[in-house]
Structure formats: C-alpha cells, structure tokens
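Colleague:
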Amino acid sequence: MPKFNFSWRQRQRLFLIVLIGALVLSLPPVFSQDETRVLLPSMPVSGALAPEAPAATYVFDAVAGSTASITVISSDAQPLALALTGPSGNSVAQSIDTSGLGATQIEGVLLPANGRYFVAVFYAPGTATVAENTFDIA
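If you want the working numbering, it's the 1-based position in the sequence shown plus 4.
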C-alpha cells in the first residue's frame with residue numbers, strides 16, 4: 005500500500021475539499037424552469053457562480069462502463085472545483101484547481117452504473133467569493 009506524506013496544509017486543504025464536496029453533493033439539484041443544465045458531449049455550456057450562488061449543478065445521462073471527461077475553465081482564473089456524483093448518490097470523482105490558473109478537470113473516469121449523473125461546480129476551498137465568476141464547462 006502506498007504511503008502518503010502530506011503536510012498539515014495539504015491535509016487541511018484535502019479535508020476542506022472533501023467537506024465542501026460532501027455538502028454540495030448532499031444538496032438536491034435545483035433547476036429553474038427556463039434554464040437547462042444538461043451536459044452533452046462536445047457541447048460547452050457557460051455558467052456562473054456568485055457569493056449568493058456558490059455552486060452550480062449540471063446533469064448528463066450515461067450507461068455503465070462508459071467514460072466521462074469534464075473540464076471547467078474560469079473566465080477570470082478563479083480556482084474552481086468539480087464533483088461528479090452517480091445515479092445512486094455515490095461520489096464518482098472530484099477535482100480541484102490547485103494551480104490557481106482557473107481550470108480543473110475530471111478525465112476518463114469509468115462510470116459505474118446506468119442513469120443520471122450530477123456534476124457540481126463550486127469555488128475551490130479557501131477562495132474569496134466576493135464577485136461573480138463565469139465559467140465554461142464541457
């Protein structure tokens with residue numbers, strides 16, 4: 005079994021990522037009637053986060069055994085995070101922008117079940133959320 009030697013700061017950051025991801029994923033997805041938040045292959049979608057709306061949720065349907073790659077790019081290099089949840093509510097994958105460049109991705113993750121998957125985009129832990137941030141997700 006590999007041994008991981010994380011510094012205190014890295015452990016803190018990892019804990020915050022998991023905690024925020026769990027909180028975001030525990031919330032039911034909220035969609036307005038006039039806004040479709042469905043992800044389709046090779047079809048980027050624009051979104052926004054703000055202090056009053058610190059997370060955005062998207063959905064896509066998939067079959068077991070297929071793979072998914074999701075990329076989010078902030079328009080102003082604001083560090084963002086992604087969380088992918090499966091049809092049964094289980095966490096499938098997570099990603100956080102640790103470079104500070106405003107881009108993060110989940111790449112080539114194997115999807116375990118048939119059904120609807122949920123993608124949450126939110127501010128990276130420890131990020132100031134004082135202004136609106138727009139992003140593209142695909």
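The beta-carbon is built from N, C-alpha and C at its ideal position, and this holds for glycine as well. These figures come from a predicted structure and were not determined experimentally.
With DSSP as the reference, please indicate the residues paired to S99 in a beta bridge.
Modeller: Along the sequence shown, read from residue 1 onward, the residue named residue 99 stands at position 95. L86.
Colleague: Using the C-alpha atoms, what's the distance from A135 back to L53?
Modeller: Along the sequence shown, read from residue 1 onward, the residue named residue 53 stands at position 49. Along the sequence shown, read from residue 1 onward, the residue named residue 135 stands at position 131. Their Cα atoms are separated by approximately 8 Å.
Colleague: Below 9 Å between beta carbons: does that hold for V125 and T71?
Modeller: Your numbering for residue 125 matches position 121 in the sequence shown. Your numbering for residue 71 matches position 67 in the sequence shown. Against a cut-off of 9 Å, the Cβ pair of T71 and V125 comes out as no contact.
Colleague: Since A74 and L88 should fall inside the 8 Å C-beta cutoff, what is the C-beta to C-beta distance between them, to a whole number of angstroms?
Modeller: Residue mapping note: residue 74 aligns to position 70 of the sequence shown, counting from 1. Residue mapping note: residue 88 aligns to position 84 of the sequence shown, counting from 1. The residue you asked about is not Ala; residue 74 is Ile in the sequence shown. I74 to L88, Cβ: 7 Å. Contact.
Colleague: Short of 8 Å in beta carbon distance, which residues of its chain neighbour Y121, apart from the five on each side in sequence? Order them along the chain.
Modeller: The sequence position of residue 121 within the sequence shown is 117, counting from 1. Excluding positions up to five away in sequence, the list reads V63, F64, D65, A66, A72, L88, T89, G90, P91, V96 and L115.
Colleague: Quick one: grab the DSSP three-state call for R120.
Modeller: As a first step, residue 120 is located in the sequence shown; it is residue number 116 there, counting from the start. Three-state result, R120: strand.
Colleague: Can I110 and L84 be called in contact, C-beta distance under 9 Å?
Modeller: Taking the sequence shown and counting its residues from 1, one reaches residue 110 at position 106. Taking the sequence shown and counting its residues from 1, one reaches residue 84 at position 80. For I110 and L84, no; Cβs fall outside 9 Å.
Colleague: With a threshold of 6 Å on Cβ separation, who are the neighbours of L43 within its own chain once the five nearest residues in sequence on each side are excluded?
Modeller: Stepping through the sequence shown from its first residue, residue 43 is reached at position 39. Contacts found: Y62 and F64.
Colleague: Between the C-alpha atoms of A117 and V123, what's the straight-line distance to the nearest angstrom?
Modeller: Numbered from 1 along the sequence shown, position 113 holds the residue referred to as residue 117. Numbered from 1 along the sequence shown, position 119 holds the residue referred to as residue 123. Approximately 15 Å between the Cα atoms of the pair.
Colleague: May I have the straight-line CA-CA distance separating F139 from S78, to the nearest angstrom?
Modeller: Position 135 of the sequence shown holds residue 139. Position 74 of the sequence shown holds residue 78. In a straight line, the C-alpha of F139 is about 4 Å away from that of S78.
Colleague: Taking D80 as part of the beta strand (DSSP E), name the residues at either end of that continuous run.
Modeller: Taking the sequence shown and counting its residues from 1, the one referred to as residue 80 is at position 76. Element bounds for D80: n/a, residue is neither H nor E.
Colleague: Does T102 pass the burial test, meaning 16 or more other C-beta atoms within 10 Å, or should it be called exposed?
Modeller: As a first step, residue 102 is located in the sequence shown; it is residue number 98 there, counting from the start. It counts as exposed.
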